[in-house]
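Colleague: Have a look at this one.
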Amino acid sequence: MLEKLKNHIVRNFSFLEQKKLFLAVSGGLDSMVLLHLFQQLDYEIAVLHCNFQLRGLESFDDQNFVAEYTNTNQIPFLLTQFDTSAFAKDYKLSTQVAARELRYSWFYEQLDEHKFDYILTAHHADDDLETFLINLSRGTGLDGLTGIPAQNDKIIRPLLPFSRQEIENYAKENTIEWREDSSNASDKYVRNKIRHHLVPILKELNFEFISSFRKTQNYLQEAQAMVEDASIMVYQQVAKQEEEDIYFDLKKLLQLPNYKSYLYQWLKEFGFTAWDDIYDLVEGQSGKQVFSAEFRLLKDRSFMILSPFNLVSENEEYYINQNQDKINVPLNLSFSKVTDISIDSNTAIFVDEDKLKFPLVLRHWMEGDVFQPFGMQGKSKKISKLFKDEKLSLIDKENAWIICSDNQIVWVVGIRQDERFKIDTTTKNMLKIQIE
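The following block contains the structure:
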């Protein structure tokens, strides 16, 4: 097994050479074998152990077992203890999810604090199979069937090619001691039910089932890679990015033979779960939206627009005092006194400062807002009508700001200035307002 592991590392993890490695060790069979193997390899290692305090004294016996082993073998040892039950209750998580969140958060803290490079865990082929079956039972796409990744950022799983039986055989051959987790015997968790009841039947049907499963999973991973390549090519034809927003061309999207699959592939990383609502959005009415925790998908005439979801109050106001030279929230604007007017641009206006009443107010536009557009000789126009004439998208409308002086609109920022504050022959003090 040691030689097989060496070859596996050379083929797939050659970048680990000369790196400092943390090993996540619970004291169980898998992690103790991982530790024993890496003691024989030429790496600088240290052990991380989490006590989740979920099994009373047994948890502390595990902790003491790992601490004693590392002390005897002169391996650096780092320990933490969590009140996992309280954390799960506070954040409304299952115990297993809470333990995972706590564990990986602490792992990354130790990487930063101690300047180590990677963390190794002892996940193996049987863990991979169990995860596959759990996902299959719940209904999943290709992602859920391609298994536990060999690497996630700084987390590496070098034992994935090995079965639980291989690991146990190695432990017995090398008289490695380990701790048995009593919770593994319980059928309380879905994973344990699958391990105790379903997997033995599959192995009974085919003695080499784990090997066959690994081959199938490799095929699925290759298929997934092809899907991702195709997805990127089509994405470049259908989507365009403008600052933080992504615009999906609905005409091009609907021409795809299976546009729902592409949408799933493109949007899955943004935390969406209401997939039927997203698919309905494509042919729904303009203005309809679907939200994830941090993003919004908005249907606009010819596009579906993905944008960060900012909980900004529509009534939020920002004040601009006289002689203030700039602001940078919520927009970057500069204010400067000038004596000449430069070439006209939508990013800047020139106004008669003496016609202004300070402080100016910067706010979002609202339904019913009316102004007198520059060049229309004092005729009034609704902001909503201006936006319609300018063919602004729903996103652009939502992001539109106006500057007001004593409740009169001075500038629909970046779009149109108001006639009432323009420079004329009586102007003595000119103020330039510019988007930076």
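Residue numbering for the sequence shown follows the working numbering, starting at 409 and increasing by one per position. Idealized CB from N, CA, C, for every residue including glycine. Since the structure is predicted, the reported quantities are computational estimates derived from the model, not experimental observations.
#1: Could you tell me if Leu437 is buried or exposed, where buried requires 16 or more neighbouring beta carbons within 10 angstroms of its beta carbon?
#2: Skipping 5 residues on each side, what residues in its chain have a beta carbon closer than 6 Å to that of Val746?
#3: Within the same chain, show all residues whose beta-carbon is closer than 7 Å to that of Ala682, passing over the 5 residues directly before and after it, in chain order.
#4: Check each candidate in Val778, Met712, Pro569, Ser422 and name the one with the smallest Cα separation from Ile618.
#5: Could you please give the first and the last residue of the uninterrupted alpha helix (DSSP H) stretch that includes Trp683?
#6: In chain order, what are the residue ranges of uninterrupted alpha helix (DSSP H) at least 4 long that sit wholly in the stretch 697-776?
#7: Going by the CB atoms, is the gap between Ile803 and Asp653 shorter than 8 Å?
#8: Let me check one thing: in DSSP terms, what residues is Ser467 bridge-paired to?
#9: Do Asn560 and Gly552 come within 8 Å of each other at the CB atom, strictly closer than that value?
#10: Going straight from the alpha carbon of Gln649 to that of Ala808, what length do you get?
#11: Given this structure, state the Cα-to-Cα distance separating Asp498 from Gly464, to the nearest angstrom.
#12: Could you tell me which uninterrupted alpha helix (DSSP H) segments, each at least 4 residues in length, are contained entirely in the stretch 563-617, listed from first to last along the chain?
#13: At what residues does the alpha helix (DSSP H) containing Thr548 begin and finish?
#14: Out of Lys787, Ile811, Ser669, which has the shortest C-alpha to C-alpha gap to Ala638?
#15: Taking buried to mean at least 16 other C-beta atoms within 10 Å of its own C-beta, is Glu538 buried or exposed?
#16: Going by the DSSP bridge assignment, what does Lys497 pair with across the sheet?
#17: So what's Leu846 in DSSP terms, helix, strand or just coil?
#18: Secondary structure at Ile791, three-state DSSP: helix, strand or coil?
#19: Report the CB separation of Gln504 from Tyr597 in whole angstroms; it is logged as a contact under 8 Å.
#20: Alpha helix (DSSP H) containing Ile417: first to last residue?
#21: Indicate the three-state DSSP secondary structure (helix, strand or coil) for Lys428 in the structure shown.
#22: According to DSSP, Phe779 sits in a beta bridge with which residue or residues?
#23: What number of angstroms, rounded off, separates the C-alpha of Ile791 from the C-alpha of Leu528?
#24: Counting C-beta neighbours from all protein chains within 10 Å, is the total for Ala756 16 or more, i.e. buried, or is it exposed?
#25: Taking the beta carbon of Leu442 as the centre, do at least 16 other beta carbons fall within 10 Å, making it buried, or is it exposed?
#26: Buried or exposed: Gln448, going by 16 or more other Cβ atoms within 10 Å of its Cβ?
#27: Could you tell me whether the Cβ atoms of Phe678 and Leu628 are closer together than 8 Å?
#28: Span of the alpha helix (DSSP H) holding Asp438?
#29: How many angstroms separate the CA atom of Phe421 from the CA atom of Asp491?
#30: Indicate whether Asn754 and Ile823 have their beta-carbon atoms separated by less than 8 Å.
#31: Using a Cβ distance threshold of 8 Å, determine whether the stretch 582-589 contacts the stretch 428-437, with at least three qualifying pairs required.
#32: Can you give me the C-alpha to C-alpha distance between Ala647 and Ile609, rounded to a whole angstrom?
#33: For the alpha helix (DSSP H) that contains Val505, what are its first and last residues?
#34: What do you reckon, is the C-beta of Phe766 under 7 Å from a heavy atom of the ligand SAM?
#35: Tell me which same chain residues have a C-beta within less than 8 Å of the C-beta of Leu675, skipping the five on either side of it?
#36: Buried or exposed: where does Val778 fall if 16 or more other Cβ atoms within 10 Å of its Cβ makes it buried?
Modeller: In brief:
#1: Here residue 437 corresponds to residue number 29 of the sequence shown, with the count starting at 1. By the neighbour-count rule (16 or more Cβ atoms within 10 Å), Leu437 is buried.
#2: Within the sequence shown, numbered from 1, the residue matching residue 746 stands at position 338. Residues of the same chain with a CB within less than 6 Å of the CB of Val746, apart from the 5 flanking positions on each side, are Met838, Lys840 in chain order.
#3: One-based indexing of the sequence shown puts residue 682 at position 274. The residues are Val698.
#4: On the sequence shown, residue 618 is found 210 positions in, with the first residue counted as 1. When each option's Cα is compared against that of Ile618, the closest is Pro569.
#5: Translated into the one-based positions of the sequence shown, residue 683 becomes position 275. That run of the alpha helix (DSSP H) goes 683-690.
#6: List check, alpha helix (DSSP H) in window: nothing returned.
#7: For the purposes of this step, residue 653 is taken as residue 245 along the sequence shown, with counting starting at 1. For the purposes of this step, residue 803 is taken as residue 395 along the sequence shown, with counting starting at 1. With contacts defined as CB atoms closer than 8 Å, Asp653 and Ile803 qualify as a contacting pair.
#8: Reading the sequence shown from its first residue, position 59 is the one you call residue 467. The partner list for Ser467 (beta bridge, DSSP) is empty, contrary to what the question assumes.
#9: As a first step, residue 552 is located in the sequence shown; it is residue number 144 there, counting from the start. As a first step, residue 560 is located in the sequence shown; it is residue number 152 there, counting from the start. Against a cut-off of 8 Å, the Cβ pair of Asn560 and Gly552 comes out as no contact.
#10: In the sequence shown, the residue the question calls residue 649 occupies position 241. In the sequence shown, the residue the question calls residue 808 occupies position 400. Taking the straight line from one Cα to the other gives about 19 Å.
#11: Position 90 of the sequence shown, counted from the start, is the residue given in the question as residue 498. Position 56 of the sequence shown, counted from the start, is the residue given in the question as residue 464. Straight-line Cα distance between these residues: approximately 20 Å.
#12: Those alpha helix (DSSP H) runs which fall completely within the stretch 563-617 and span 4+ residues are 572-581, 598-601, 607-613.
#13: Position 140 of the sequence shown, counted from the start, is the residue given in the question as residue 548. From DSSP, Thr548 is part of no alpha helix (DSSP H); its letter is neither H nor E.
#14: Within the sequence shown, the letter at position 230 stands for residue 638. Measuring C-alpha to C-alpha distances from Ala638 to each of Lys787, Ile811, Ser669 identifies Ser669 as the nearest.
#15: If you number the sequence shown from 1, residue 538 lands on position 130. That one is buried.
#16: Position 89 of the sequence shown, counting from 1, holds the residue named residue 497. Beta bridge pairing from DSSP links Lys497 with no other residue.
#17: There is simply no residue 846 to check, as the chain begins at 409 and stops at 844 in what is shown.
#18: As a first step, residue 791 must be located in the sequence shown, where it is residue number 383. Of the three classes helix, strand and coil, the one that applies to Ile791 here is helix, per DSSP.
#19: Stepping through the sequence shown from its first residue, residue 504 is reached at position 96. Stepping through the sequence shown from its first residue, residue 597 is reached at position 189. About 7 Å; that satisfies the 8 Å criterion.
#20: Residue mapping note: residue 417 aligns to position 9 of the sequence shown, counting from 1. 410-420 is the extent of the alpha helix (DSSP H) around Ile417.
#21: Taking the sequence shown and counting its residues from 1, one reaches residue 428 at position 20. Correct three-state label for Lys428: strand.
#22: Counting from one through the sequence shown, the residue named residue 779 turns up at place 371. Under DSSP, Phe779 shares a beta bridge with Lys789.
#23: Start at 1 with the first residue of the sequence shown, and residue 791 comes out as number 383. Start at 1 with the first residue of the sequence shown, and residue 528 comes out as number 120. Going by the C-alpha atoms only, they are around 59 Å apart.
#24: What you label residue 756 is simply residue 348 of the sequence shown in a count that begins at 1. So Ala756 counts as buried.
#25: Position 34 of the sequence shown, counted from the first residue, corresponds to residue 442. Leu442 counts as buried, since no fewer than 16 other beta carbons sit within 10 angstroms of its beta carbon.
#26: Your numbering for residue 448 matches position 40 in the sequence shown. Gln448 comes out exposed.
#27: As a first step, residue 678 is located in the sequence shown; it is residue number 270 there, counting from the start. As a first step, residue 628 is located in the sequence shown; it is residue number 220 there, counting from the start. Not a contact, by the Cβ cut-off of 8 Å.
#28: One-based indexing of the sequence shown puts residue 438 at position 30. 437-447 is the extent of the alpha helix (DSSP H) around Asp438.
#29: Position 13 of the sequence shown, counting from 1, holds the residue named residue 421. Position 83 of the sequence shown, counting from 1, holds the residue named residue 491. Whole-angstrom Cα-Cα distance: 35 Å.
#30: Numbered from its first residue, the sequence shown carries residue 754 at position 346. Numbered from its first residue, the sequence shown carries residue 823 at position 415. For the 8 Å CB-CB criterion, Asn754 and Ile823 form a contact.
#31: With contact defined as three or more Cβ pairs closer than 8 Å, the stretch 582-589 and the stretch 428-437 are in contact.
#32: To locate residue 647, count along the sequence shown from 1; it is residue 239. To locate residue 609, count along the sequence shown from 1; it is residue 201. Spanning the two alpha carbons is a distance of roughly 47 Å.
#33: The count along the sequence shown starts at 1 and reaches residue 505 at position 97. Its alpha helix (DSSP H) spans residues 503-522.
#34: For the structure depicted, the ligand SAM is absent and the ligand set is empty, with no information on it obtainable.
#35: The residue labelled residue 675 in the question sits at position 267 within the sequence shown. Its chain contains Ile686, Leu705, Leu714 as the residues whose beta carbon lies nearer than 8 Å to that of Leu675, once the 5 sequence neighbours on both sides are disregarded; these appear in chain order.
#36: Translated into positions along the sequence shown, residue 778 becomes position 370. Val778 comes out exposed.
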